[in-house]
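Below: one structure, written as structure tokens.
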Amino acid sequence: MSQHYQLSVNYGTSDDEYDYMMEQQMNANDRQNVQQPIDFGGVQQEEQFYEIPQQIETMIEKEMAKELAELEVKAEEKQNNAEEKEANEVDELMKQGNDHAEEGNMDNVDQKGHPEEDVENNAEVEPAKQDQNQAQEQGIKEESELVKSENEIVQQKVQNAPEESEENREDLPTPTPSNIHKLTLSELMAAESQYPIPYRSKLTEPFEPGQTLIVKGKTAEDSVRFTINLHHTSADFSGNDVPLHISVRFDEGKIVFNTFSKGEWGKEERKSNPYKKGDDIDLRIRAHDSKFTVYADQKELKEFEHRVPLSHVTHFSIDGDVLITQIHWGGKYYPVPYESGITGDGFAPGKTLLIFGTPEKKGKRFHINLLKKNGDIALHLNPRFDEKAIIRNSLIANEWGNEEREGKIPLEKGIGFDLKVINEEYAFQIFINDERYCTYAHRVEPHDLHGLQIGGDVEITGIQIF
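Next up, the structure:
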């Protein structure tokens, strides 16, 4: 299973030097505000003391006058604050009442554009109070103008914002099951699967050249590593050879390839990891006489030369932070053009045809035909890269019908594909890479299909009917 590593961070501790310097600076600043000793210029304090009684009456009068003046100022400020608070509350209520009014409402405005007089507020006031009200109204007006100007600026910015176009549109991923919700490792391990991890299996037949091992699954958003191993004798690491060890490492961003032989690991070979945490995975190992070819998402990732004979592969295992959804093993080298009969009841309704292949890098087109016993072609699938279309048609009594070519071509030269054709009572359902591509209504009776043809610029790696 995955190994988790905890990083430790050492935070530096502050010393007292800065605090000491700040205290010194504060002391220096405070010294300027501390009252200094009075310099009497050589005059004795007793002489000053004797002069104080002569000035007491004047000082008391001045002090009382000063205190009375301060009290009057405070009373006036208190009254002004109360009046200002009351005015603000009235303005707030008026503002709330006008929030839902239309901008052009002029019910309370006279012909000259001035607000109507408020009779209740038209009483005579003292000149000082009138000045105060005018100041308040001026302040409110200025604040309203400021808010209005800010709103105009915001509105202008919105109006001037560039419209979305192909050039400035943010590329967002199309919602798919793989990116709507990424599993956590705990959810991954708790998910039910017919392939429990660690997974161990013995191959029922030798791993022969041309055959492919396909592993599909899901990783978690906190996956660290997982491995796929081809073993000799037993599906473990008890000392037997491991002809191929593939370690997918998210913590290093690499995929490591190696061999365990004669009790020791060989030299690692590394490639960049094309997968991110949380991705679905599709890894394929195709055997050849002298090497393995490894594919990631149908694209060639690595050629790994045999260090142990291919015939030594008898078991395989999967371990680590991954949920396996599909394992497929089989195939061979298929000649193209390819033609084969379909035994038994043929390709009857209810059956599925699965074809694994790769268009040639310089290819233009290839075709797949399902035939009746009389030679009619019930389904002709013809991907044409030169026309960027997949043609669907039928050949009946040696005459082609009308072509169906709607839809884009979800195939790329040099990149593998999985093609699935399901025969239903009224139509063929066609899937490419696990995505539904189209429906082709039957033009002939669908129970008498006994032949398969493949031709053109394509390499076939596997064919299965079930």
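When you read off a place in the sequence shown, starting at 1, and then add 197, the result is the number in the numbering used here.
All C-beta atoms, glycine included, are put in the ideal place defined by N, C-alpha and C.
Status (buried if at least 16 other CB within 10 Å, exposed otherwise) for residue i
| i | result |
| --- | --- |
| Phe447 | buried |
| Asn590 | buried |
| Thr658 | buried |
| Arg481 | buried |
| Asp486 | exposed |
| Asp631 | exposed |
| Arg422 | buried |
| Asn455 | buried |
| Phe625 | buried |
| Pro393 | exposed |
| Ala432 | buried |
| Asn620 | buried |
| Asp476 | buried |
| Ala272 | exposed |
| Val270 | exposed |
| Tyr531 | buried |
Coil, strand or helix - residue i by DSSP
| i | result |
| --- | --- |
| His509 | helix |
| Glu283 | helix |
| Val533 | coil |
| Val412 | strand |
| Gln391 | coil |
| Asn566 | strand |
| Val519 | coil |
| Val355 | Interpretation of Val355 is limited by its pLDDT of 35, a score under 50 that renders its predicted location unreliable; the figure taken from the coordinates is listed afterwards. Note: Val355 maps to helix in three-state DSSP. |
| Glu273 | helix |
| Ala594 | coil |
| Gly601 | Looking at the sequence itself, residue 601 is Glu, so the reference to Gly does not match. Residue state, collapsed to three classes: strand. |
| Asn278 | helix |
| Ala545 | coil |
| Glu642 | coil |
| Ala484 | strand |
| Glu267 | helix |
| His647 | strand |
| Leu400 | coil |
| Gly669 | A question about residue 669 goes unanswered here, because the residues of the chain that appear run from 198 up to 663. |
| Tyr664 | In this structure the chain extends from 198 to 663, so residue 664 is not present and cannot be described. |
| Ser444 | strand |
| Lys473 | coil |
| His525 | strand |
DSSP beta-bridge partners of residue i
| i | result |
| --- | --- |
| Ile660 | Ile552 |
| Glu461 | Ser458 |
| Asp438 | Partner(s): none; Asp438 has no beta bridge. |
| Gln495 | In the DSSP output, where bridge partners are listed per residue, Gln495 has none listed. |
| Phe682 | Missing from the structure shown is residue 682; the chain here goes from 198 to 663 and no further. |
| Ile148 | Since the first and last residues shown for the chain are 198 and 663, residue 148 lies out of range. |
Cβ-Cβ separation, residue j to residue i (assumed contact under 8 Å), whole Å
| i | j | result |
| --- | --- | --- |
| Ser458 | Val505 | 5 Å |
| Gly554 | Val655 | 5 Å |
| Thr416 | Lys474 | 6 Å |
| Asn579 | Ile588 | 4 Å |
| His521 | Tyr396 | The displayed chain sequence assigns Ile, not His, to residue 521. Yes, Ile521 and Tyr396 are in contact; Cβ-Cβ is about 6 Å, under 8 Å. |
| Leu507 | Ala484 | 6 Å |
| Leu551 | Gln661 | 4 Å |
| Gly517 | Thr424 | 5 Å |
| Gly611 | Pro556 | 7 Å |
| Ile629 | Pro607 | 5 Å |
| Phe663 | Thr549 | 6 Å |
| Asp573 | Val618 | At roughly 17 Å, the Cβ-Cβ gap does not stay under 8 Å, so Asp573 and Val618 are not in contact. |
| Glu500 | Thr490 | 5 Å |
| Gly414 | Val519 | 5 Å |
| Phe582 | Gln495 | Not a contact, Cβ separation roughly 16 Å. |
Contact test: residue i Cβ vs the ligand SAH heavy atom, cutoff 6 Å
| i | result |
| --- | --- |
| Arg446 | The model depicted lacks the ligand SAH and carries no ligand whatsoever. |
Worksheet item: Three or more beta-carbon pairs under 8 Å between the segment 593-607 and the segment 468-481, yes or no?
Response: no
Practice prompt. State whether the segment 426-442 contacts the segment 538-556, with contact taken as three or more CB pairs (one from each stretch) at a distance under 8 Å.
Written response: no
Worksheet item: Touch check for the segment 635-655 and the segment 558-569: three-plus C-beta pairs under 8 Å?
Response: yes
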